[in-house]
Amino acid sequence: MSGIWKNIIINTILAIALFIYFVYSESSITPDITKIWLSLLLTIFFVNISGIIIVSISHIFNRIILWNKQITLRFFCESITILLILLITGYIFTKVWLVHILHVNEGSSFWVDYRNAGIKFSIISIVIANIYSIINFSFFSYNQYFLVKIAAIKYNIEQKRLQFESLKNQLSPHYLFNSLNTISSLIYKDVGVSEAYIRHLTQTFNYILNTNENGLVLVKNELAAIHSYFSMQKIKYENLINLRIDLSSEIEKTFIPPLCLQILLENSFKHNNVSNKNHLQIEVFTEKSKYIVVKNNIIPKQNYFKNNNSSFKIGIENIKKRYKYFTNKDIIIDVDDNSFIVKLPLIIKKEKI
Numbered sequence: 003m004s005g006i007w008k009n010i011i012i013n014t015i016l017a018i019a020l021f022i023y024f025v026y027s028e029s030s031i032t033p034d035i036t037k038i039w040l041s042l043l044l045t046i047f048f049v050n051i052s053g054i055i056i057v058s059i060s061h062i063f064n065r066i067i068l069w070n071k072q073i074t075l076r077f078f079c080e081s082i083t084i085l086l087i088l089l090i091t092g093y094i095f096t097k098v099w100l101v102h103i104l105h106v107n108e109g110s111s112f113w114v115d116y117r118n119a120g121i122k123f124s125i126i127s128i129v130i131a132n133i134y135s136i137i138n139f140s141f142f143s144y145n146q147y148f149l150v151k152i153a154a155i156k157y158n159i160e161q162k163r164l165q166f167e168s169l170k171n172q173l174s175p176h177y178l179f180n181s182l183n184t185i186s187s188l189i190y191k192d193v194g195v196s197e198a199y200i201r202h203l204t205q206t207f208n209y210i211l212n213t214n215e216n217g218l219v220l221v222k223n224e225l226a227a228i229h230s231y232f233s234m235q236k237i238k239y240e241n242l243i244n245l246r247i248d249l250s251s252e253i254e255k256t257f258i259p260p261l262c263l264q265i266l267l268e269n270s271f272k273h274n275n276v277s278n279k280n281h282l283q284i285e286v287f288t289e290k291s292k293y294i295v296v297k298n299n300i301i302p303k304q305n306y307f308k309n310n311n312s313s314f315k316i317g318i319e320n321i322k323k324r325y326k327y328f329t330n331k332d333i334i335i336d337v338d339d340n341s342f343i344v345k346l347p348l349i350i351k352k353e354k355i
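Take the sequence shown: its position 350, counted from the start at 1, is 352 in our numbering, and no numbers get skipped.
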């Protein structure tokens, strides 16, 4: 059933109830509808007109005075406006009823005789105006509650999707295959080094699996994870790579979506041509206590950062989307001929997932 028909039915029931009440209260006799049906139809008509006007005014208020921003002002303005609408339509109804149905002259004593009915109507109008505003606010609160719930569900679903994406990328067959290849080659060269590599790999995987369900982790824990990850790469690249971390203990107490720093480190290895002539320098530091900055020098490969470089884009987009849920600040990416810089906004307070 459409909203219009619902309003008509509700208004009609209200009109019949008011009509019976006023006739009975003034005459103490239950009205015979067959004898005063025209008056009843007129009542139903005017109550429905009032209802249509009130609903229209309410829609206007929804645009100019929002419940969630100005509750007191909205309640006051809506109640007063509805009261005025009811009093005006009530007065017009009475004039039409007197002249065209009862055929009462303007100069008669009708207004004096039915003064009590007028007072009752005014009181009922005040009550209706306030009840309507209360019900309207209740519906708004109910809808807002479910909108918040729906938004939270969507948020959780998207977070899980992004986390799964990140996990899938970190545990990709290609990544595992490369790690196993490195281990197998190290075993024949240096058992001690291969054991260290396996230990760092285990720590990295433990961190990936343990934080997969978390929306945020401490920066301190993320740094420990990238130390393990970088140690693995250090075994592979030896002195061709260098990592410098300069973060205060206060910054380490802030929060970050898990694996963001590791993704950025992976990108720096994946998209740069590290060699004996070109060493890779990676720095992690803070800028104005607002950002964690990850910076590396550029050693271009062929088709460096080309648009179809999906692995690069997926990693950065994943970080952007996850950050969007915890801060209004955007991730900043600066690229010049010499450096690639990503600035991650600090997240001071951990929010519930």
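We treat Cβ as the ideally placed atom computed from N, Cα and C, and that holds for glycine.
Those residues which DSSP pairs with residue i across a bridge
i: residue 98; result: Note: residue 98 sits in no beta bridge, so no partner.
i: residue 21; result: Residue 21 pairs with nothing; no bridge assigned.
i: residue 288; result: 294
i: residue 282; result: 243
Residue range of the unbroken alpha helix (DSSP H) whose run includes residue i
i: residue 301; result: Taken as a continuous stretch (DSSP letters only), residue 301 belongs to no alpha helix (DSSP H), as it is neither H nor E.
Secondary structure of residue i, DSSP reduced to three states
i: residue 328; result: coil
i: residue 350; result: coil
i: residue 274; result: strand
i: residue 345; result: strand
i: residue 309; result: Caution applies to residue 309, whose pLDDT of 45 falls short of 50 and renders its modelled position unreliable; the value that the coordinates give is listed next. Three-state DSSP puts residue 309 in coil, outside helix and strand.
i: residue 70; result: coil
i: residue 16; result: helix
i: residue 269; result: helix
i: residue 9; result: helix
i: residue 340; result: coil
i: residue 75; result: helix
i: residue 173; result: Confidence in residue 173 is poor, its pLDDT being 47 and thus under 50, which makes the residue's placement too unreliable to answer from.
Residue i, enclosing beta strand (DSSP E) - first and last residue
i: residue 57; result: First-last for residue 57: 39-66, but that is the alpha helix (DSSP H), not the beta strand (DSSP E).
i: residue 336; result: 334-337
Within 9 Å, strictly: CB atoms of residue i and residue j
i: residue 329; j: residue 302; result: no
i: residue 286; j: residue 339; result: no
i: residue 241; j: residue 274; result: no
i: residue 134; j: residue 58; result: no
i: residue 10; j: residue 50; result: yes
i: residue 40; j: residue 137; result: no
i: residue 213; j: residue 234; result: no
i: residue 237; j: residue 188; result: yes
i: residue 98; j: residue 44; result: yes
i: residue 266; j: residue 344; result: yes
i: residue 350; j: residue 288; result: no
i: residue 87; j: residue 55; result: yes
i: residue 46; j: residue 18; result: yes
i: residue 284; j: residue 245; result: yes
i: residue 48; j: residue 92; result: yes
i: residue 227; j: residue 199; result: no
i: residue 231; j: residue 276; result: no
i: residue 139; j: residue 77; result: yes
i: residue 294; j: residue 258; result: yes
i: residue 291; j: residue 333; result: no
i: residue 251; j: residue 342; result: no
Proximity test, Cβ basis, 9 Å: residue i and chain C
i: residue 198; result: Although the question refers to chain C, the structure presented lacks it and comprises just one protein chain.
Subject >> Entirely enclosed beta strand (DSSP E) segments - the stretch 195-267, minimum 3 residues >> reply: 243-248
**OP:** List in chain order: all unbroken beta strand (DSSP E) runs of 3+ residues lying wholly within the stretch 118-158.
**Re:** none
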